[in-house]
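Asker: In the working numbering, the protein residues as written are 883 to 1215.
All C-beta atoms in this analysis are idealised placements derived from N, C-alpha and C, irrespective of residue type, glycine included.
None of these values were measured; they are calculated from a predicted model.
Input: one structure, supplied below.
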């Protein structure tokens, strides 16, 4: 679809998540091949909320690449920036759901097509249209996609876009923890807006206290204008200026798996920024943003997969109306 302007352009991995679908009649494990990849999940939720989106990345010229393109386009995402590699296959991830809904990943990505995106394949015309450019750390694990990501971020910034980053740490995909920290630190130094999980905050700062960890990141990276920390069922936190706001999560049961919850949250954070901007945010503004994002993230955990099952705005608002949260906030001490 041709766009005069784009709300969000995201770059990164587009892959197949093989999720456990129970035993076959012969007792063998069966897996459902769900379209996935954090950046495209973010775009799927944004599209559900009425935003114009486009994706930049690479898949294999294979059956899975075809499936992924079709699923993303059906979700309303422009795939004008998607490249099909004739030699390297689409990246695959086998997802084991653990008790409580958390996940363990086994990746087939050595190499995977998403790693093969080159700087020359970055479409400058898409980035020049974007209000927000979003990326994660999986496109920083290897060359040439690392250089492609850096070029895309530079192009987006030059075009005046806000830069959004979600580390989305997957330790098995890095050669060492040191390399992961180095590359994630680069991403933290580029972004205006950050969504980071509790375990990633610990990984990057060594702090178990979310507030101290957020303060640490803000001191290291003064470019950070808005920082959100997600803590699963513990809810989410936001650091903005002198404000530190917490909104609890939804603990209503019915969680099937947590795939896509963080991506859904990230999309709702970007949605709020697109709607209201980044200037002069109040505690009430931030609380509203976190509550909506928490609700959407909870709803996606009650379904299998992510990209094709994102909740609507009406579903999130209905959840918030029927289960109002206790909203809290305080100034930094």
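(1) Cα-Cα, which of 938, 942 and 1003 is closest to residue 991?
(2) Could you tell me which uninterrupted beta strand (DSSP E) segments, each at least 3 residues in length, are contained entirely in the segment 970-1030, listed from first to last along the chain?
(3) Strictly by DSSP, which residues pair up with residue 936?
(4) In terms of DSSP beta bridges, what is residue 1079 paired with?
(5) Could you work out which residue in 1034, 1010 and 1191 is closest to residue 954 when comparing CA atoms only?
(6) First and last residue of the beta strand (DSSP E) that includes residue 1129?
(7) Excluding sequence positions up to five away, which residues of its chain have a Cβ less than 6 Å from the Cβ of residue 935?
(8) Under the assumption that residue 1056 contacts residue 1023 (Cβ atoms under 8 Å), give the Cβ distance between them as a whole number of angstroms.
(9) Which complete alpha helix (DSSP H) runs does the segment 1049-1099 hold, if anything under 4 residues is left out?
(10) Exposed or buried, residue 1139, counting other C-beta atoms within 10 Å across all chains shown (16 or more means buried)?
(11) Where does residue 941 fall in DSSP's three states?
(12) Within 8 Å (strictly less), CB to CB, does residue 1114 reach chain C?
(13) Helix or strand or just coil, what does DSSP make of residue 906?
(14) Alpha carbons only, please: which of 1021, 1014, 1059 and 1051 is nearest the one belonging to residue 1039?
(15) Return helix, strand or coil for residue 1141, following the three-state DSSP convention.
(16) Is the beta carbon of residue 1162 closer than 8 Å to that of residue 1129?
(17) With distances taken from CA atoms, which of 1142, 1134 and 1155 is nearest residue 1107?
(18) Please classify residue 918 as buried or exposed, where buried requires at least 16 other C-beta atoms within 10 Å of its C-beta.
(19) List the DSSP bridge partners of residue 965.
(20) Taking the alpha helix (DSSP H) that residue 1173 falls in, what are its first and last residues?
Answerer: The short version:
(1) 942
(2) 974-979, 985-990 and 1012-1018
(3) 891 and 960
(4) DSSP lists 1112 as partners of residue 1079.
(5) 1191
(6) 1125-1129
(7) 890, 925, 928, 929 and 959
(8) 6 Å
(9) 1059-1070 and 1080-1087
(10) buried
(11) strand
(12) This model lacks chain C altogether, as it is built from one protein chain only.
(13) coil
(14) 1014
(15) coil
(16) no
(17) 1155
(18) With at least 16 other beta carbons inside 10 angstroms of its own, residue 918 counts as buried.
(19) Partner(s): 940.
(20) 1165-1183
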